[in-house]
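The block underneath contains the structure these notes are about, expressed in structure tokens.
Rendered as structure tokens:
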């Protein structure tokens, strides 16, 4: 069971208000169990990294060393330049999907059933922004999976007077910036799961700092069961 009695009562008070009227401030961003519905603990949700511009990859074409590349960089247009076939758009694809696309293009004219593997050597696109009441705000790259508490550790942790119960996570969902709130104190005490942070997320400690950084009003969304509410002007 997650959270304490106080967080549960706060959730119960929040949802009817959001369902009946627009959520207009960052204080009304879903918290507790509602927030975990969309930012679950790592064991609930996996991540499949998507290639981004400036990522560096190794591409191996079986039995074709002249077509293989050790340090291929995804260019600003989101493509990798390959021998024979030129630029191959890969931004937004997983490593396996990108390898399949390269194989498909090679097989179209040059090779019979080519076998291609792609390994991400430097995942520049795996970054998280940590801001607000932390010791070293900034944009941090990371490998593998990352939880909320680990993201805050990248920024050397919250400041001494930080509001641990007011940690806002901003995520882009289907082209819209959306937000949810978490209680770092509960997470540290083992009373709440540590949610997974995804590449591109923004973590802000402190409600007043979140309001100053995000700007604009928060808008209610039709399906509040997602656990987030949309940010005005999301893109």
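In the numbering used here, the protein residues as written are 782 to 1016.
We put the beta carbon where it would ideally sit given N, CA and C, even for glycine.
Using a Cβ-Cβ distance cut-off of 8 Å, the stretch 907-914 and the stretch 861-877 are not in contact, since fewer than three pairs of beta carbons, one from each stretch, lie closer than that value. Just so you know, the alpha carbons of residue 916 and residue 883 end up roughly 44 Å apart.
With fewer than 16 other Cβ atoms inside 10 Å of its own Cβ, residue 893 counts as exposed. In the structure shown, residue 937 adopts coil according to DSSP, grouped into three states. Scanning the stretch 825-894 for uninterrupted beta strand (DSSP E) segments of 3 residues or longer gives 837-842, 850-854, 860-863 and 867-870, listed from N- to C-terminal end. Between residue 847 and residue 841, the alpha-carbon positions lie close to 10 Å from each other. From the listed residues 844, 929 and 858, the smallest Cα separation to residue 834 is found for 858. Going by C-alpha positions, residue 964 is about 53 Å away from residue 844. Per DSSP, the unbroken alpha helix (DSSP H) holding residue 965 starts and ends at 965-969.
Using a Cβ distance threshold of 7 Å, residue 936 and residue 901 do not count as a contacting pair.
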